[in-house]
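S.K.: Mind having a look at this structure? Questions to follow.
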Amino acid sequence: MLVDSRPTRSLTSVLLLVACFFALLTSVAAADDSKVIKGYDFNGDIQKLDIAPRPSLYSGGFADCLRGGSLFNFSTFDVAYYSDTDEHTVFFYLNGASNIRKESLALHLSIQAYGETRFNMTYDPCKAHMDTLCPLTSDNRIAAFAVVPLSADNVAGMPQVSMGIPDFEGFARIQIFANSTQTEIGCFQAVMSNGKTMSQPDAIGTTVGIFIIAAILASFITAVYGVSVPHMRMHYAHSFSVLVVFETFQYIFFSGALSVNWPSVLPAWWSNFAWPSGMFATHSLVSSVSSFTGNVVSVSQVGGAGSVPINNNGGLTQQIYGRASDNSGEQPSSATDLDDYAWGGEPNTPGMPMPGTWPGLPGTLSEVNIPPAEAFTLALIWFMVMIGLVVVLIVLFKLTLDLMIRLKLLKTDGFNYFRSHLGGYLASALLRTCFIGFFVMTTLAMYQFSLRGPDGPTAIAAIVFLLFVVGIGGLAGYACYFRLRHGKYSTAPDAIRFESATVFKKVPFVSAIRNSERGEHETAEQRRLYASVPITRIIYTDDDPNRLTVHQDAGFIKRFGWLSGRYRRTRWWYFAFYLGYQFIRACFIGGGVRTPLAQVFGLFLFEIIAFFVTIKLTAFEASRNTVVAVWMLSVAKVITTGLSIAFIADYNVSRIGATAIGLIIVVVQAFLAVVVLILTAVGIISSWMSLSRNKEEFTEPFVDMRINYFEHMQKRTDDLPAPPKPEETEPVPVEAGFNVRNVRRAPKIEDEDELGDMLLPQPGFTAQAGGSGQRSRANSASSRYSVSGIPRAARVHRASWSSKEFAQMQAEMTSRPENQRGNRSRSNSQRLSSSNIAAVLATDSPGTSTPVRRPMTPTRESTEDARENVETTTSEMTPTKQGDVQCDEKMEEPLLANEKEETTSSDQTEQVTVGNEKTAEAIVENEPTLKSEKTADNTTTV
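In mature numbering (1 follows the signal peptide of the UniProt record, and there is no 0), the protein residues as written are -30 to -1, 1 to 912.
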């Protein structure tokens, strides 16, 4: 059989043709990706270099390292270091102009990495065929480049490991000397980079922004949902604080405001968190602001040709470098052979620190391209934008609710209070925004004072500083006065004791406690006393001992809830301490820039003191806010400030060591940032639970979690002192023996089924074993009598078990505690009905003494809170607990009567051996009594 293979050959030929075509396209594309140039080296030899690939090191922004004293205006200064396995090449390119009429030059090119010079070479531009520099004239623009191959000895000092470290720290510098006078007439410096950086504002900054918006919405929604002000405050206090979120990211960014020499890795990392501090701007915005701050300078070139006189030590004369036009280097010349590489930098914005260095706040701001002189003005602009945005969004939210209710898309009345009190919410939101921005604005205002710049920005900084310090500080003082104005003050001697203690029951520690706070058990306990500092304690006595607590006073919450809403009942004044703490930090960071030693060491000691005071107060009501604000944030501040001491210029720490310390700071702050983002996500879930507090049904996996969350919330709101710890007793050695836990009466052998059926229970008779939780012998009818004529020693065998015994066993199994717990767990796996959730929430939670609030409608929520406010006093017991104690006392009476009746009935049963009819009558008579007692018991529980 013959098979025609021509179609197969045709298909194969087509596939081969297509493959060859794509291979040709790939080779052409690869050829297009390369750009080989020819240039002279310093010896005049022609060298080839492919400039298309990204170099191992390449330059970025550049500036005049003579601070405007150079006689050149350069618009391009690019330096690259290509490192391959066997070849190492340095490439540099200059483009600009000079106002020197004629001069022969000498060039010096150096590359520094991590504080040490790694490459250093001086050469004659005439040998490198740089015609525009040989000689230099003011008529010709400068367009010079060179390709310099390096030997292994030339690159021996260049650490290869630095090519992979993020944010390479180094710079390239070219210095230009006049041969006639041997004077430096030009110097330009460009930062070097390896292409790897921790500065990822597009990814990290966007992620942080999304979580901050989510935190704002989750916190705001808990403050506007509900009709009872104290109840709304409680749920708001347990949402994740937006103040804590902003404080965390502001702390991370303003860690770079200390006047030390930062390693390059830290400013790059901090640039990811610049926008929560108001430090972000476009080039056009910076240019428009610079006209107000007096920093108007062209940034298309750098240099000082014709702008600043040069101190040349008497070298150059007017005849050598006669001045030409100041704008001679404004427009760069075209270089068609050198326009194919993507790397390269631009002239730095005026006012920036020298490229390759990151000193203090200017170095941190350089990563986001903001000059130090414009920092305060830009922050003020964005703060005003935020104020307007808050007003617009709240009004839009209210209008949206009105529209949804009109269209009957929203049926709940939980937002009615917010809709009717829009003005109060707007005022509170604006004041809360000012409270959050207090640290940033005061810090930058004092930093503006230290710059000693133009009068306009300084005057505005003074006005803003006074508005925040006097305005917010005055409101905080008035809030304290408003709450404490009805009372008396007295003083009493006291002392702070520094005693020995343990952490985690094992680690030795020193605790500080006031002598008046020591309890009886602490007084009896003998602890080693290290020191005692006498103090005078101020005692406040309220005129009205029955005054509502600060968190039950609706009037105080409406006025000052934006200050005190998140703090514990006994620490409601913590906002005053917090403002003072932030103000002192702002003084150190913003006002101490001219004294680095005092700034860093003073802030470090202050953070240590604030750390212990904050832990001692533990003011936040919510546990998540306590974990971040009290512990993690305080510890991170102490670690960051302490490690920053190594960056002080006077200590001259090696730059490699400084980079290692910087990476430790990055790890600490990154861990803190991740925890804040995680807790923000958890806060969204808790706010969702708070919104569902008036719903009986909830998502299945979170039913028990919601109940526990409400229990925890109520317990933290009460803010009662913790019960004393039980004394630890030595364990008693276990001895051999046994304990009788239960005695079960088995049916007697003479109990016959047919005899038991002769005495049937009356209709309505029910055994009480399952209800009481204990099996009573009085419930067994066969145990009360014996009518068998067989002698007691005789054995009567039954053919099978009786149904009565199965019922008896079932009742006993049901009454066991473990089975009751299993029933409850199985019922919790289903959606709770209104009766189930009310029964669960009406009882005390296991392991706590705090009752939890059951789901209710907003109207019932308001009614219950009003009833609680009437009964609430400043005593240690809450109204709910008082009601529970009274209910428990009322429930004890029928339970004791029931138990006594069962005991009496059981004793009578043991004595009766004959008289079956009389026994049956006794059972029937007992039935109504037991039934009525059970009914009363159920009514009291509900």
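A virtual CB, placed ideally from N, CA and C, is assigned to each residue, including glycine. Keep in mind it's a predicted model, so treat the numbers as computed, not measured.
1) As a quick exercise: from Thr461, Ala482, Arg555, pick the residue whose alpha carbon is nearest that of Thr511.
2) Does the region 593 to 610 come into contact with the region 42 to 58, if we say contact requires no fewer than three beta-carbon pairs (one atom in each stretch) closer than 8 Å?
3) Report yes or no: is there a C-beta of chain B within less than 9 Å of the C-beta of Asp620?
4) Excluding sequence positions up to five away, which residues of its chain have a Cβ less than 7 Å from the Cβ of Phe661?
5) Count the other CB atoms, across all protein chains shown, that sit within 10 Å of the CB of Ile505; report buried if there are 16 or more and exposed otherwise.
6) Would you list the residues sitting across from Val473 in a DSSP beta bridge?
7) Does DSSP put Gly632 in a helix, a strand or coil?
8) Can you round the beta-carbon distance between Ser45 and Asn69 to whole angstroms, since I take them to be within the 8 Å contact cut?
9) Would you kindly work out how many angstroms separate the C-alpha atoms of Phe243 and Ile340, rounded to a whole number?
10) Write down every uninterrupted run of the alpha helix (DSSP H) in the region 561 to 631 whose length is 4 residues or greater and which is fully enclosed by it, in chain order.
11) In its own chain, which residues sit with a C-beta less than 6 Å from the C-beta of Ile527, not counting the 5 before and 5 after it?
12) If you draw a straight line from the alpha carbon of Ala113 to that of Phe62, how long is it in whole angstroms?
13) Flag this pair as yes or no: are the beta carbons of Ala349 and Met411 separated by less than 9 Å?
14) Specify the secondary structure class of Glu782 as computed by DSSP and reduced to three states.
15) Do you know how far the Cα of Ala50 is from the Cα of Pro23?
16) With respect to 8 Å, is the separation between the Cβ of Leu255 and the closest non-hydrogen atom of the ligand ZN below this value?
17) Which of the three DSSP states is assigned to Cys35 in this structure?
18) Which first and last residues belong to the beta strand (DSSP E) in which residue 941 is found?
19) Give the DSSP bridge partners of Arg143, in chain order.
20) Flag this pair as yes or no: are the beta carbons of Ala556 and Gly447 separated by less than 9 Å?
21) Can you tell which of Cys450, Ser486, Arg517, Met324 has the C-alpha that lies nearest to the C-alpha of Arg529?
22) So which of Val477, Ser614, Phe474, Leu499 has the shortest CA-CA distance to Asn485?
23) With 16 other CB atoms within 10 Å as the buried threshold, where does Pro332 fall?
24) Determine which residues share a DSSP beta bridge with Glu670 and list them.
25) Taking Cβ positions, are Ala160 and Gly30 nearer each other than 9 Å?
26) Do Ile81 and Thr629 have their CB atoms nearer than 9 Å?
27) Going by beta-carbon coordinates alone, are Leu603 and Leu642 separated by less than 9 Å?
28) Using a 10 Å radius around the Cβ and a threshold of 16 neighbouring Cβ atoms, would you call Lys607 buried or exposed?
29) Which runs of the alpha helix (DSSP H) spanning at least 4 residues fall entirely within the region 511 to 548, listed in chain order?
30) In angstroms, rounded to a whole number, what distance separates the CA positions of Ser420 and Ser247?
31) With DSSP collapsed to three states, give me the class of Asp109.
32) In the DSSP assignment, find the unbroken beta strand (DSSP E) run with Ile16 in it and report its ends.
33) Indicate whether the contact test is met: 3 or more Cβ pairs, each with one atom in the region 33 to 42 and one in the region 145 to 161, closer than 8 Å.
34) Could you work out which residue in Thr107, Asp109, Ile615, Ala343 is closest to Ser229 when comparing CA atoms only?
35) Is the beta carbon of Trp240 closer than 9 Å to that of Thr334?
36) Specify whether the region 579 to 593 and the region 90 to 108 touch according to this definition: at least 3 beta carbon pairs, one from each stretch, less than 8 Å apart.
M.R.: Inspection of the coordinates gives the following:
1) As a working note, residue 511 is residue 541 in the sequence shown. Taking only the C-alpha atoms, the option nearest Thr511 is Thr461.
2) no
3) Among the chains in the structure shown there is no chain B, since it carries only a single protein chain.
4) On the sequence shown, position 691 is the one that residue 661 refers to. Sequence inspection shows Leu at residue 661; the Phe mentioned does not correspond to that position. Answer for Leu661: Ile191, Tyr195, listed in chain order.
5) By one-based count along the sequence shown, residue 505 stands at place 535. Label assigned to Ile505: exposed.
6) On the sequence shown, position 503 is the one that residue 473 refers to. Residue pairing by DSSP puts Val473 in a beta bridge opposite Val477.
7) Translated into positions along the sequence shown, residue 632 becomes position 662. Three-state result, Gly632: helix.
8) Within the sequence shown, residue 45 is the residue found at index 75, counting from 1. Within the sequence shown, residue 69 is the residue found at index 99, counting from 1. No, Ser45 and Asn69 are not in contact; Cβ-Cβ is about 15 Å, not under 8 Å.
9) What you label residue 243 is simply residue 273 of the sequence shown in a count that begins at 1. What you label residue 340 is simply residue 370 of the sequence shown in a count that begins at 1. If you take the alpha carbons of Phe243 and Ile340, they lie about 14 Å apart.
10) 566 to 587, 603 to 614
11) Here residue 527 refers to the residue found at position 557 when the sequence shown is read from its first residue. Excluding positions up to five away in sequence, the list reads Val199, Arg203.
12) Position 143 of the sequence shown, counted from the start, is the residue given in the question as residue 113. Position 92 of the sequence shown, counted from the start, is the residue given in the question as residue 62. Roughly 11 Å between the two C-alpha positions.
13) For this step, residue 349 is matched to residue 379 along the sequence shown. For this step, residue 411 is matched to residue 441 along the sequence shown. Against a cut-off of 9 Å, the Cβ pair of Met411 and Ala349 comes out as a contact.
14) Locating residue 782 in the sequence shown gives position 812, counting from the first residue. Note: Glu782 maps to helix in three-state DSSP.
15) Residue mapping note: residue 23 aligns to position 53 of the sequence shown, counting from 1. Residue mapping note: residue 50 aligns to position 80 of the sequence shown, counting from 1. Rounded to the nearest angstrom, the two C-alpha atoms are 11 Å apart.
16) For the ligand ZN, the structure offers nothing, since it holds no ligand at all.
17) Residue numbering aside, residue 35 sits at position 65 when the sequence shown is read from its first letter. Cys35 sits in coil when the DSSP states are folded into three classes, being neither helix nor strand.
18) The requested residue 941 is not part of the displayed model; the chain covers only -30 to 912.
19) As a working note, residue 143 is residue 173 in the sequence shown. Paired residues: Ser80, Gln159.
20) Taking the first residue of the sequence shown as position 1, residue 556 is located at position 586. Taking the first residue of the sequence shown as position 1, residue 447 is located at position 477. No Cβ-Cβ contact shorter than 9 Å links Ala556 with Gly447.
21) The residue labelled residue 529 in the question sits at position 559 within the sequence shown. Comparing Cα positions, the closest option is Cys450.
22) Numbered from its first residue, the sequence shown carries residue 485 at position 515. Answer by Cα proximity: Leu499.
23) Here the question's residue 332 lines up with position 362 in the sequence shown. The residue in question, Pro332, is buried, as its Cβ has 16 or more Cβ neighbours within 10 Å.
24) To locate residue 670, count along the sequence shown from 1; it is residue 700. According to DSSP, Glu670 bridges with nothing at all.
25) The residue given as residue 160 occupies position 190 in the sequence shown. The residue given as residue 30 occupies position 60 in the sequence shown. Result yes, Cβ atoms of Ala160 and Gly30 sit closer than 9 Å.
26) Looking up residue 81 in the sequence shown gives position 111. Looking up residue 629 in the sequence shown gives position 659. Contact: no.
27) As a first step, residue 603 is located in the sequence shown; it is residue number 633 there, counting from the start. As a first step, residue 642 is located in the sequence shown; it is residue number 672 there, counting from the start. Less than 9 Å separates the beta-carbon of Leu603 from that of Leu642.
28) The residue labelled residue 607 in the question sits at position 637 within the sequence shown. The residue in question, Lys607, is buried, as its Cβ has 16 or more Cβ neighbours within 10 Å.
29) 524 to 534
30) Working through the sequence shown from its first residue, we reach residue 420 at position 450. Working through the sequence shown from its first residue, we reach residue 247 at position 277. Each residue's CA atom was taken as its position, placing Ser420 and Ser247 some 19 Å apart.
31) Counting from one through the sequence shown, the residue named residue 109 turns up at place 139. It is coil, neither helix nor strand.
32) Counting from 1 along the sequence shown, the entry for residue 16 is found at position 46. Looking at the DSSP string, the run of the beta strand (DSSP E) that includes Ile16 is 16 to 20.
33) By the Cβ criterion, the region 33 to 42 is in contact with the region 145 to 161, since at least three pairs of Cβ atoms, one from each stretch, lie closer than 8 Å.
34) Locating residue 229 in the sequence shown gives position 259, where the first residue counts as 1. The shortest C-alpha separation from Ser229 is found at Ile615.
35) As a first step, residue 334 must be located in the sequence shown, where it is residue number 364. As a first step, residue 240 must be located in the sequence shown, where it is residue number 270. The Cβ atoms of Thr334 and Trp240 sit closer than 9 Å to each other.
36) no
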